[in-house]
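One point on numbering: in my numbering, the residue at position 65 of the sequence shown is 69, and numbering is uninterrupted. For each residue, glycine too, the CB sits at the ideal point set by N, CA and C. Take a look at the structure below.
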Amino acid sequence: MSDTPKERPNALQIFHVNVNCSNFERSLGFYKAIGFREYLDFAAVDDGRTFGDIGLGALFRMPARIDGRATFLVLGDDPWATRLDLIEWKQPVSESAGPRTLAHLGIARICLKVRDCTALYIALKDGGYDVYSPPSVIDMGGSRQYVFCCGDPDGVVIEFMQFVRE
């Protein structure tokens with residue numbers, strides 16, 4: 005099979021997933037508590053330009069004068085890792101979507117593979133975060149995992165999965 009452009013998929017990887025938040029520092033603290041580190045602080049590299057100055061308004065079907073506080077967060081040291089794009093919108097101010105369930109349409113949760121579900125569960129619970137339940141062992145998809153979910157400060161559901169080796 006030749007490797008012509010027609011036969012190669014155009015999409016290569018998930019580059020980033022955006023999570024909007026109501027309080028940047030509070031949400032940044034949560035994501036750092038689960039192991040993310042800041043990779044790129046947009047305020048530090050964009051010379052004071054707003055998202056509107058950059059031209060994101062039309063791209064996002066938002067007002068031309070949009071602005072926010074944003075950073076890319078990553079897990080690990082892989083320079084090609086998928087980024088979590090954390091944004092607190094300043095203009096327009098974000099509104100809560102209200103209570104959601106994991107059956108709503110759209111992105112329902114983000115699942116992270118972790119080393120130790122129990123330690124992370126204890127740390128998040130002790131940190132006062134909205135942990136749904138203790139880690140449970142499930143058999144699914146041909147493997148066993150410890151799994152639990154936790155809401156971030158704005159209710160975005162993060163699922164944690166530790167694969168069990170037999």
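The Cβ neighbour count for Cys-115, taken over all protein chains shown within 10 Å, is under 16; the residue is labelled exposed. Going by DSSP, Arg-53 is part of no alpha helix (DSSP H) at all; its letter is neither H nor E. Ile-142: member of the beta strand (DSSP E) spanning 140–144, first to last residue. Beta-carbon to beta-carbon, Leu-106 and Leu-88 are separated by about 19 angstroms, too far to satisfy the 8 angstroms threshold. One alpha carbon belongs to Ser-100, the other to Gly-159, and they sit about 9 angstroms apart. Per DSSP, the continuous beta strand (DSSP E) segment holding Ile-162 begins and ends at 161–167. In the same chain as Asp-71, and ignoring 5 residues on each side of it, the C-beta atoms closer than 7 angstroms to its own belong to Thr-54, Phe-55, Gly-56, Lys-94, Gln-95, in chain order. Nearest C-alpha to Ile-126 among Pro-83, Phe-167, Ile-38: Ile-38. Between the C-alpha atoms of Glu-92 and Leu-60 there is a straight-line separation of about 15 angstroms.
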